[in-house]
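Protein chains in written order, with the working numbering: chain A, 60 to 248; chain B, 60 to 248. In this text, a Cβ means the ideal position worked out from N, Cα and C, and glycines have one as well. The structure presented is a predicted model; accordingly, all values stated were derived computationally and were not measured.
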């Protein structure tokens, strides 16, 4: 059986170095709150407010380290609450995605694109991918068990020697499945 | 192909006649805002506030007509926001479910049970069930198509001459699938 641990991603944001300075001031640096499943990635102590045309979230966790471009990842439920209409995208693919206002202690930034609903995906270490017979960018079907059991199609495989085995789904997907971080899912096709 | 239209249920409440009076006053009556897919059921113009230990929703739509017992149906996302922990249940099966405070223009009611996350289900008219070879209470697997395509297991068949063919899922399930009311789903097992 090809099992994979589940990691549920709540709404979060990645900041560019430029936006970090605009939001938190000169010489600002992210500080680690706790490590994430992927090596080198962490949840920061710092949070920002995100403000849409219809609603806002006062404390959105920043994930570090900084990235080349600012990216806000929300669930579809969050998107309705904010009043924005982000596309379902792979991380990093933000061209033409939705915009938002971001507010930090030192200032405000309006991004024209960068808001996405993250496409569900599995991080495979190269060794795990080989063991499971899976190639980078392959689309998989994955079963989550339980009273709200379901099979997620269109799960994107991402293979790298820098990754640790983990399936990332958002809170809508987790809640629809009655799943939580640490559950075991099963790749069925 | 055994197709079925999708109906997405947002959070809503059913009231008992007693609670309707407590919340809206003597001689209160629900008035129809728009009909629902099931014959005789309607969304009312009237709304209530529901207040949990952690959060509240100011305007929760009442569905009519009144029922024997008051029942609040929320998504798991809503439940986290309210700070309650309702079980996944079939409508009407509320023994031991979660409680909540309900506020109307004429008063407040605290229910000890009645808050549930609705178990996904399909209403079949007896003729549809016969045509599709499906029996009451059968568990089905249903495919939703699209970029967030998935297969919902544990979908409960409910068969009655009083029903119209419609699959009811909540907003978490709809958002996880990228589905909306009026989409066509496919019963695959």
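Spatial neighbours of residue 224/A in its own chain (CB-CB distance under 8 Å, excluding positions within 5 residues in sequence) are listed in chain order as 63, 64, 181, 182, 183, 184 and 187.
With contacts defined by Cβ atoms closer than 7 Å, residue 230/B and residue 134/B form a contacting pair. For residue 75/B, the CB contacts under 7 Å within the same chain, skipping 5 residues up- and downstream, are 125, 126, 127, 128 and 129 in chain order.
Taken in chain order, the members of the stretch 203-235 of chain B whose beta-carbon sits within less than 7 Å of a beta-carbon on chain A are 206, 207, 208, 209, 210, 211, 212, 213, 230, 231, 232, 234 and 235. Residue 135/A reaches chain B at 234, counting residues in chain order whose Cβ is nearer than 7 Å. Judged by DSSP secondary structure, residue 185/A falls within the alpha helix (DSSP H) whose first and last residues are 185-191.
Under the Cβ criterion of 7 Å, residue 174/B is not counted among the residues facing chain A.
For the C-beta of residue 237/B, the chain A residues within less than 8 Å are, from N- to C-terminus, 135 and 147. Cβ-Cβ distances below 8 Å link residue 82/B to 74, 107, 161, 162, 163, 164, 165, 166, 167 and 168 in the same chain, with the five nearest sequence neighbours on each side left out; the list follows chain order. Comparing C-alpha distances from residue 196/B to each of 119/B, 218/B, 247/B and 146/B shows the shortest one belongs to 218/B. For residue 232/B, the enclosing alpha helix (DSSP H) begins and ends at 230-236.
Under the DSSP assignment, residue 80/B falls in the alpha helix (DSSP H) whose first and last residues are 76-83. Between the stretch 91-109 of chain A and the stretch 147-155 of chain A there are fewer than three inter-stretch CB-CB distances shorter than 8 Å, so the stretches are not counted as touching. Counted as a single uninterrupted DSSP element, the stretch harbouring residue 88/B is not any alpha helix (DSSP H), since DSSP gives it neither H nor E. Contact annotation: residue 67/A and residue 210/B have beta-carbon atoms that are not nearer than 7 Å. Following the DSSP letters along the chain, one finds residue 138/A in no beta strand (DSSP E) but inside the alpha helix (DSSP H) bounded by residues 135-141. Between residue 190/B and residue 236/B, the beta carbon gap of about 25 Å keeps them out of contact (Cβ cut-off 8 Å). DSSP links residue 95/B through a beta bridge to no other residue. Beta-bridge pairing by DSSP links residue 159/A to 170/A. By the neighbour-count criterion, in which a residue is buried when 16 or more other Cβ atoms sit within 10 angstroms of its Cβ, residue 144/A is exposed. Short of 8 Å from the beta carbon of residue 198/B, and not among the five residues preceding or following it, lie these beta carbons of its own chain, in chain order: 212, 213, 214, 215 and 216. Taking 7 Å as the cut-off, the beta carbon of residue 234/B is found closer than this to the beta carbon of residue 136/A. The C-beta distance from residue 228/A to residue 179/A rounds to 5 Å, short enough to fall under 8 Å. Cβ atoms of residue 119/B and residue 141/B stay farther apart than 8 Å, at about 10 Å.
Look at residue 100/A here: in three-state DSSP terms it is coil, with no helix or strand label. Residue 85/A counts as exposed, since fewer than 16 other beta carbons sit within 10 angstroms of its beta carbon. In the structure shown, the three-state DSSP call for residue 145/A is coil.
A Cβ-Cβ distance of about 7 Å is found for the pair residue 174/B and residue 158/B, placing them in contact under the 8 Å criterion. For residue 118/B, the secondary structure class from DSSP, reduced to helix, strand or coil, is strand. The criterion of a C-beta distance shorter than 7 Å is satisfied by residue 156/B and residue 172/B. The beta-bridge partner set that DSSP reports for residue 210/A consists of 202/A and 210/B. DSSP places residue 131/B in the uninterrupted beta strand (DSSP E) bounded by 130-132. A check of alpha carbon separations from residue 202/A across 80/A, 243/A and 72/A identifies 243/A as the nearest. Of 97/A, 226/A, 138/A and 115/A, the smallest CA-CA separation from residue 123/A is found for 97/A.
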